[in-house]
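Data first, discussion second: the structure below is written as structure tokens.
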């Protein structure tokens, strides 16, 4: 096996498709092809996958004459960030995207908000609830505290939850803490893995909703990979502004 191969783990019943991104001695370091998941595995537990990654799904948004909301997207994984950036461009959503470590986000979020003045902020990357640990204790998560601190710093810039919509979290994140810190949408209510593009789907639907309306949260969540188990949120207004008249 080599870097770039698509593999599955036999011990976990071949449940998730991974790509090998590094090999050291007999340990392979793996990145989920679709799920925001990093793992490692003994070489002997891996087998090459007969299933190849399918193309990104056909998620679309309705096109109307309007000025859509702008997104600032901070991501702790460069490859997933590139996937997200492609999707924003495909959906014609204005997005400024930055790769940085989750622990650095809190230090840069305020100045990036001042620079770009977005209506929507996405804070994501990697996370995990440590095995057999209390899900109600923040220190049992890999990066949930980093996300929470980033949210709180963003709320120093704009505390109105309808003026700055924050979408935060990754796989297995401490959902309740992220909402309590000031997020509008967060993962993961059931502490499960989320799709790499789930934050983009939520951000794009909010960006496309009129400022005159509250977003249909159930509809937004229905477009994500695991629905209410993976992402939840609070009542939130849209940020798009319709153009009148549409023709001269």
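In the working numbering, the protein residues as written are 1083 to 1330.
Just so it is clear, CB atoms sit at the ideal spot from N, CA and C, and this is done for glycine as well.
All of these numbers come straight from a predicted model, not from anything done at the bench.
Please identify the residue among the options whose C-alpha is closest to the C-alpha of residue i.
{"i": "residue 1314", "options": "1201, 1109, 1305", "result": "1305"}
{"i": "residue 1291", "options": "1236, 1320, 1245", "result": "1320"}
{"i": "residue 1256", "options": "1191, 1235, 1270", "result": "1270"}
{"i": "residue 1208", "options": "1243, 1277, 1175", "result": "1277"}
{"i": "residue 1244", "options": "1106, 1288, 1086", "result": "1288"}
{"i": "residue 1172", "options": "1143, 1091, 1325", "result": "1143"}
{"i": "residue 1086", "options": "1126, 1325, 1161, 1092", "result": "1161"}
{"i": "residue 1157", "options": "1272, 1182, 1126", "result": "1182"}
{"i": "residue 1203", "options": "1211, 1218, 1237", "result": "1237"}
Going by beta carbon distance, what residues of the same chain come within less than 8 Å of residue i, once the five residues before and after it are set aside?
{"i": "residue 1198", "result": "1152, 1154, 1178"}
{"i": "residue 1241", "result": "1264"}
Using C-beta distances below 7 Å, list every residue in its chain close to residue i, excluding the 5 sequence neighbours before and after it, in chain order.
{"i": "residue 1323", "result": "1148, 1149, 1293"}
{"i": "residue 1233", "result": "1205, 1248, 1250, 1260, 1263, 1264, 1265"}
{"i": "residue 1283", "result": "1141, 1305, 1306"}
{"i": "residue 1309", "result": "1303"}
{"i": "residue 1280", "result": "1306, 1307, 1312, 1313"}
{"i": "residue 1216", "result": "1222"}
{"i": "residue 1113", "result": "1100, 1101, 1103, 1120, 1161"}
Using 7 Å as the cut-off, classify the Cβ of residue i as near or not near the heavy atoms of the ligand NAD, replying yes or no.
{"i": "residue 1227", "result": "Although the ligand NAD was asked about, the structure shown includes no ligands whatsoever."}
Tell me which residue opens and which closes the alpha helix (DSSP H) that residue i is part of.
{"i": "residue 1302", "result": "1299-1304"}
{"i": "residue 1196", "result": "1187-1198"}
{"i": "residue 1227", "result": "1226-1239"}
In terms of residue numbering, what span does the beta strand (DSSP E) encompassing residue i cover?
{"i": "residue 1334", "result": "The question about residue 1334 has no answer here: the residues shown for the chain are numbered 1083 through 1330."}
{"i": "residue 1106", "result": "1100-1106"}
{"i": "residue 1180", "result": "1177-1181"}
{"i": "residue 1129", "result": "1128-1130"}
Starting from the C-beta of residue i, find all residues in its chain whose C-beta is less than 6 Å away, skip the five residues before and the five after it, and write them out in chain order.
{"i": "residue 1227", "result": "1220"}
{"i": "residue 1275", "result": "1117, 1119, 1253"}
{"i": "residue 1111", "result": "1103, 1104, 1122"}
{"i": "residue 1167", "result": "1179"}
Name, in chain order, the residues that DSSP records as bridge partners for residue i.
{"i": "residue 1163", "result": "Paired residues: none, contrary to the question."}
{"i": "residue 1205", "result": "1156, 1250"}
**the stretch 1176-1194 touching the stretch 1094-1111, judged by at least three CB pairs closer than 8 Å** = no
**Prompt:** Is it a yes or a no for the stretch 1120-1132 touching the stretch 1289-1309, going by three-plus beta-carbon pairs under 8 Å?
**Reply:** no
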